[in-house]
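J.: Residue numbers (our numbering), protein chains in the order written: chain D, 77 to 405; chain B, -3 to 287. Dropping a structure here in structure tokens format, bear with me for questions.
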Amino acid sequence: MVSSVVKEEEEREGIRGLGHLAFIAALVAAAAVIFGIARLIGNSYAFFAAYVVVQYIVLGSAWNILGGYTGYVNFGITAFFAIGAYSTVVLYKLTPWLPLPAMIVVGGAMAALVGLGTGYLTLRLRGVFFSIATLALAVVVQTLITNWDFVGGARGAYVLRPKLAPLIGGDYVEYLFLVMLGLCVAVLATARAIERSALGYGFAAIRDDEAAAEASGVPTLRLKLVATALSGGFMGMAGAPLPYYVTYLDPASGFSLNYAVNAIAMPLIGGTASWVGPVIGGILVGGLQEYIRVTISSAVNVLVVGVLMVAFVILAPQGIVGLFQRKRR
Amino acid sequence: MTGSLDLLVNAIISGLLLGGFYAAVSVGVAISFGMLDVVNIAHPAFILLGSYAAFIGNTVFGIDPILATIIVLPAFYLLGLLVYQVYYVAFERRDDQSLRGLSFFFGILFVAEVGLILTFGVDYRSVQAWYVSGNLNLHFIELPWRLLVPFLLGLAMVAVLQLFLSRTFLGRAIQAVAQDQQALRLMAANPTRIKRIAFGLSFATAALGGAALIIIQPVEPSIGREYIGRIFAICVLGGLGSFPGMVIAAVTLGIVENITATFFGPSWAPAVSFGVLLITLAVRPSGILGR
Chain D
77 MVSSVVKEEE
87 EREGIRGLGH
97 LAFIAALVAA
107 AAVIFGIARL
117 IGNSYAFFAA
127 YVVVQYIVLG
137 SAWNILGGYT
147 GYVNFGITAF
157 FAIGAYSTVV
167 LYKLTPWLPL
177 PAMIVVGGAM
187 AALVGLGTGY
197 LTLRLRGVFF
207 SIATLALAVV
217 VQTLITNWDF
227 VGGARGAYVL
237 RPKLAPLIGG
247 DYVEYLFLVM
257 LGLCVAVLAT
267 ARAIERSALG
277 YGFAAIRDDE
287 AAAEASGVPT
297 LRLKLVATAL
307 SGGFMGMAGA
317 PLPYYVTYLD
327 PASGFSLNYA
337 VNAIAMPLIG
347 GTASWVGPVI
357 GGILVGGLQE
367 YIRVTISSAV
377 NVLVVGVLMV
387 AFVILAPQGI
397 VGLFQRKRR
Chain B
-3 MTGSLDLLVN
7 AIISGLLLGG
17 FYAAVSVGVA
27 ISFGMLDVVN
37 IAHPAFILLG
47 SYAAFIGNTV
57 FGIDPILATI
67 IVLPAFYLLG
77 LLVYQVYYVA
87 FERRDDQSLR
97 GLSFFFGILF
107 VAEVGLILTF
117 GVDYRSVQAW
127 YVSGNLNLHF
137 IELPWRLLVP
147 FLLGLAMVAV
157 LQLFLSRTFL
167 GRAIQAVAQD
177 QQALRLMAAN
187 PTRIKRIAFG
197 LSFATAALGG
207 AALIIIQPVE
217 PSIGREYIGR
227 IFAICVLGGL
237 GSFPGMVIAA
247 VTLGIVENIT
257 ATFFGPSWAP
267 AVSFGVLLIT
277 LAVRPSGILG
287 R
């Protein structure tokens, strides 16, 4: 049923004649417009808030590549996210001259490797075992980081944020936001490309009936590993700029459960079948959270996300995207 | 040399006691995950709810923490029935357990934790009882009551549940549901009703597990997370659905964790359960005593 939705969507896209390159161009244009608007507002709070929302879109989309497309639930988001963040801390200490995008690539690669390893050991079993292993992975990576003095251990690490942004000028936060927008374009383009490729149909086959997929010759383990590595890699990339954003990173904040809940809640609320879902969920939930954080309190804001997520999985299993599709039929 | 041998013996004995406590907090998941195949990762949050029930009973009404959780057992049982009913209607009946069912429990875990933070704050809370401090002095070794009572409570819970499952009609029905739901339906029994009851029981054990937890250590709302990995490591290592296997696994993990804490420092202990879990999944996913 879900794969028919994907196909239907593809036909619609086909009528409109929107190729993938045009899609990427549209994404880049949208990102440029958003960045331009943020610059026009010129308020550094706007950049700080927008960075968080875009970061959640990246995290949610990354989670969705594994969770939404193949149906394997990764609870260890904080592990991958923090691996990215802490690899930046390490690089900052060893090679501070390295530009941020290079650090992001390294962070993503590290996270992808961890994803590959965990997946290799547990993905051959039933899906729940992978989920439980990732849940425990978050605890173990946190233990390792807490005990690693080089990156500050439990005391945390300070990262000096340069005053001026390279290339574009202005405050460094503007540069961080631009980098995150770039990541967002990359992850959305990847997600959409997967949806429309043989890889995506393989993922959907695994999600709908893994035994049947295996029996019809889909290399399920290899596909699942590809999904885990891609998904983990993008989560690591989303985390890599974090030390520059917060300037002080300790294990308790880097491994905050909020990241995990948000990254899972946003695709589930938006809809897991396509790349649009995490974007809608990210903008709505991320925006709502920024609003509640400012007006009420940050404890209430995380409670709202949790309650929304439970309500959506029970009442609207296909997310907001699903609600609209049902209406149109 | 004798010093480190002493340390080792001590670590093993207190690890053994810790293992009994781990059995107390894991037995609920051994029922829900092991027998009913419901992956209730929110279980630790309800254990903490039990801890806070014990805390309120103890500080507000001045009663014994274990007695306090025994009083709230029926409420936990009913809560379990309710959660299972929602889970059944929303996920199991639609055959959508993996992605959304897991996310449902993850959401519940998170909501329960934040709810506890909003209600009780993030301060550590503890209870008063004669066994919270002091030791049982056997002439060759001193055993802290703080560890001994949860150990005995855990063993008692497992023993009672094992007897219930093997001797009573309802208990056998629960075991039957674990083995073959379809066959049970053919015997004109309603597997959903039996699963609901078993899930209620699993929640009831969370109340007692919570009492054991707050006796062993002061609690704050987010420590439940540390137990997720432990509990599932124990259930997987023990072989899903096997109580004796679970007790062996709980004691093993308790001892290994304690030895790690003694010789490498307590901050490394949380990594042990993950190591155990990963090795088990990679080498022998059916666990020690698995079928």
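Built from N, CA and C at the ideal position, the CB exists for glycine as well.
Going along chain B, which residues have a C-beta under 7 Å from D:I356?
T.: What D:I356 touches in chain B: nothing, since even the nearest Cβ is about 17 Å away.
J.: Please list, in chain order, the chain D residues whose beta carbon lies closer than 7 Å to that of B:R96.
T.: Per Cβ cutoff of 7 Å: V389, P393.
J.: Can you give me the C-alpha to C-alpha distance between D:A314 and D:G183, rounded to a whole angstrom?
T.: Each residue's alpha carbon lies about 9 Å from the other.
J.: Along the chain, where does the beta strand (DSSP E) containing B:E88 start, and where does it finish?
T.: Careful: B:E88 lies outside any beta strand (DSSP E) and carries neither H nor E.
J.: Can you check which of these residues, D:L259, D:V383, D:W351, D:N338, is closest to D:G363 by C-alpha distance?
T.: Minimum Cα distance to D:G363 is reached at D:N338.
J.: Closer than 7 Å by C-beta to D:L211: which residues in its own chain qualify, once you throw out the five before and the five after it? Chain order, please.
T.: So the list reads F151, G152, once near-sequence residues are dropped.
J.: Given a limit of 7 Å on CB to CB distance, which residues of the region 190 to 219 of chain D reach chain B?
T.: The residues in question are L197, T198, L201, G203, V204, F205, S207, I208, A209, L211, A212, L213, V215, V216, T219.
J.: Taking 7 Å as the limit between beta carbons, can you name the residues of its chain near D:Y324, skipping five residues before and five after?
T.: Counting only Cβ-Cβ distances below 7 Å, and skipping sequence neighbours, we find G232, Y234.
J.: Report all residues from its chain with a CB closer than 8 Å to the CB of D:G143; omit the five preceding and five following residues, and keep chain order.
T.: Within the same chain, D:G143 has close Cβ partners V149, N150, S307, I340, P343, T348.
J.: Find the nearest neighbour of B:I277 within the set D:F99, D:F205, D:V380, judged by alpha-carbon distance.
T.: Just to set this straight, residue 277 of chain B is Leu in the shown sequence, not Ile. Measuring from the Cα of B:L277, the nearest candidate turns out to be D:F205.
J.: Relative to chain B, which residues along the region 327 to 341 of chain D have a C-beta separation below 7 Å, given in chain order?
T.: Within the region 327 to 341 of chain D, the residues whose Cβ lies closer than 7 Å to some Cβ of chain B are L333, V337, I340, listed in chain order.
J.: So, is D:T371 buried or exposed, given that buried needs 16 or more other C-beta atoms within 10 angstroms?
T.: Flag for D:T371 reads exposed.
J.: Using a Cβ cut-off of 8 Å (strictly closer), state whether D:M313 contacts chain B.
T.: No, D:M313 lies away from the interface with chain B (no Cβ there is under 8 Å from its Cβ).
J.: Does B:V215 come out as helix, strand or coil in the three-state DSSP assignment?
T.: Strand, per DSSP.
J.: Between the region 360 to 387 of chain D and chain B, which residues of the former have a C-beta closer than 7 Å to a C-beta of the latter?
T.: Taking 7 Å as the Cβ-Cβ cut-off against chain B, the residues of the region 360 to 387 of chain D that qualify are A375, V378, L379, G382, V383, M385, V386.
J.: Helix, strand or coil: how does DSSP classify B:L139 here?
T.: DSSP places B:L139 in strand when its eight states are reduced to three.
J.: Would B:F102 and B:A202 be called neighbours here (beta carbons separated by less than 8 Å)?
T.: No. Outside cutoff.
J.: Would D:F157 count as contacting chain B if we go by Cβ distances under 8 Å?
T.: No, D:F157 lies away from the interface with chain B (no Cβ there is under 8 Å from its Cβ).
J.: Suppose contacts are defined by Cβ-Cβ distances below 8 Å. Is B:N254 in contact with B:G11 by that definition?
T.: Yes, the Cβ-Cβ distance between B:N254 and B:G11 is below 8 Å.
J.: Taking DSSP as the reference, what is the three-state secondary structure of D:V82?
T.: Because D:V82 carries a pLDDT of 49, less than 50, the predicted location of this residue cannot be relied on, and no value is offered for it.
J.: Does any C-beta atom of chain B lie closer than 8 Å to the C-beta of D:F151?
T.: At least one chain B Cβ lies under 8 Å of D:F151.
J.: Please decide whether D:N223 counts as near chain B, where near means a Cβ-Cβ distance under 8 Å.
T.: Closer than 8 Å to some Cβ of chain B, the Cβ of D:N223 qualifies, so yes.
J.: Please say whether B:V243 and B:A19 have beta carbons closer to each other than 8 Å?
T.: Going by C-beta atoms, B:A19 is nearer than 8 Å to B:V243.
J.: I'd like to know whether the C-beta of B:W126 is nearer than 8 Å to at least one C-beta of chain D.
T.: Chain D, which has no Cβ nearer than 8 Å to the Cβ of B:W126, makes this no.
J.: Exposed or buried, which one is B:I96 when buried takes at least 16 other CB atoms within 10 Å?
T.: Checking the displayed sequence, the identity of residue 96 of chain B turns out to be Arg instead of Ile. Result: buried.
J.: If distances are taken between C-alpha atoms only, which option among D:L379, D:E286, D:P175, D:P393 comes closest to D:Y248?
T.: When each option's Cα is compared against that of D:Y248, the closest is D:P175.
J.: Put D:D247 into one of helix, strand or coil per three-state DSSP.
T.: In the structure shown, D:D247 sits in a strand (DSSP, three-state: E or B).
J.: Between D:L297 and chain B, is there a C-beta pair that is closer than 8 Å?
T.: Cβ-Cβ to chain B under 8 Å: no for D:L297.
J.: Per the contact definition of three or more C-beta pairs closer than 8 Å, is the region 120 to 136 of chain D in contact with the region 240 to 260 of chain D?
T.: Enough Cβ pairs lie closer than 8 Å, so yes.
J.: Assign B:Y83 to one of two classes, buried (16 or more other C-beta atoms within 10 Å of its C-beta) or exposed (fewer than that).
T.: Per the 10 Å Cβ criterion, buried.
J.: Which residues does DSSP pair with D:L259 in a beta bridge?
T.: In DSSP, D:L259 forms no bridge with anything.
J.: In chain B, what lies closer than 7 Å to D:L344 by C-beta?
T.: By Cβ distance, chain B contributes S99.
J.: My output table needs one value for B:A245: the three-state DSSP class, helix, strand or coil.
T.: DSSP places B:A245 in helix when its eight states are reduced to three.
J.: Which same chain residues, not among the five before or five after D:G195, have their C-beta less than 6 Å away from its C-beta?
T.: Result list for D:G195: L301, T304, in chain order.
J.: Whose Cβ in chain D lies nearer than 9 Å to the Cβ of B:G237?
T.: Within chain D, no residue comes near B:G237; the closest Cβ sits about 14 Å away, beyond 9 Å.
J.: DSSP three-state call for B:N54: helix, strand or coil?
T.: B:N54: helix per DSSP, three-state reduction.
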